[in-house]
Amino acid sequence: MQTVHCLTVARDGQVYVCNREGARIQVYDKMGRFLRSIEIPWKPFTPPPDGKAKESGGAAVALDLSHDSGQRLIYLINQNNGQIEIIERETGKILSNFGRPGHFPGEFDQAHGIAVDSKGNVYIAENRGKRVQKFRIVAQ
Numbered sequence: 092m093q094t095v096h097c098l099t100v101a102r103d104g105q106v107y108v109c110n111r112e113g114a115r116i117q118v119y120d121k122m123g124r125f126l127r128s129i130e131i132p133w134k135p136f137t138p139p140p141d142g143k144a145k146e147s148g149g150a151a152v153a154l155d156l157s158h159d160s161g162q163r164l165i166y167l168i169n170q171n172n173g174q175i176e177i178i179e180r181e182t183g184k185i186l187s188n189f190g191r192p193g194h195f196p197g198e199f200d201q202a203h204g205i206a207v208d209s210k211g212n213v214y215i216a217e218n219r220g221k222r223v224q225k226f227r228i229v230a231q
């Protein structure tokens, strides 16, 4: 494991660890036994037009789980892509994503914290942007 950057425990006891520089989520059982990795694809970081952001942040920075009974979804900050990945927890498949680097609503200036509430709203905290944005995910 490279840079451990977040930790979340699901209701079923599985432990999800962000391996930021390793570009993956590592999953363990409640006894600490490794179960699997979820690889997070990313493209080389491109700074916003003003050039303010310079470094790569990591592909797996922070995550939270959905609040449905099975906690079916993982919401992950992919700082390298400047977006939020929506991942099926059981398969590790990326179902969708939203956001991009920038300073306007719906854009992220170094997203660093994430939380999902019981209504499914997703909150993103930004280091450089110095704000929290709230998103409502609409099922398709």
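Under our numbering, the sequence shown is numbered contiguously, ending at residue 231.
Positions of the beta carbon are idealized from the N, C-alpha and C atoms, including for glycine.
Should residue i go down as buried or exposed, given a rule of 16 or more other Cβ atoms within 10 Å for buried?
i, result
"ARG111", "buried"
"LEU164", "buried"
"PHE199", "buried"
"GLN162", "buried"
"GLY190", "buried"
"GLU176", "buried"
"ALA230", "exposed"
"PRO192", "buried"
Got a sec: does the ligand HEM put a non-hydrogen atom nearer than 8 Å to the Cβ of residue i?
i, result
"MET92", "The ligand HEM is not part of the structure shown, which contains no ligands of any sort."
Less than 9 Å between the beta carbons of residue i and residue j, yes or no?
i, j, result
"LEU167", "ILE205", "yes"
"GLN201", "GLU181", "no"
"ILE131", "VAL118", "no"
"ARG222", "ASN212", "no"
"ALA114", "LEU156", "no"
"ARG127", "GLY183", "yes"
So, helix, strand or coil for residue i, using DSSP?
i, result
"ASP155", "strand"
"THR99", "strand"
"GLU181", "coil"
"PHE205", "The question names Phe, but residue 205 is Ile in the sequence shown. Three-state result, ILE205: strand."
"GLN105", "coil"
"ILE228", "coil"
"PRO192", "strand"
"ARG91", "The chain is shown only over 92 to 231; residue 91 falls outside these bounds and no answer can be derived."
"SER160", "coil"
"ARG219", "coil"
Based on DSSP bridge pairs, tell me the residues matched to residue i.
i, result
"ARG127", "VAL118"
"LEU167", "LEU154 and GLU176"
Counting only C-beta atoms, is residue i closer than 9 Å to chain D at any point?
i, result
"ILE116", "The question asks about chain D, but that chain is absent: this structure has only one protein chain."
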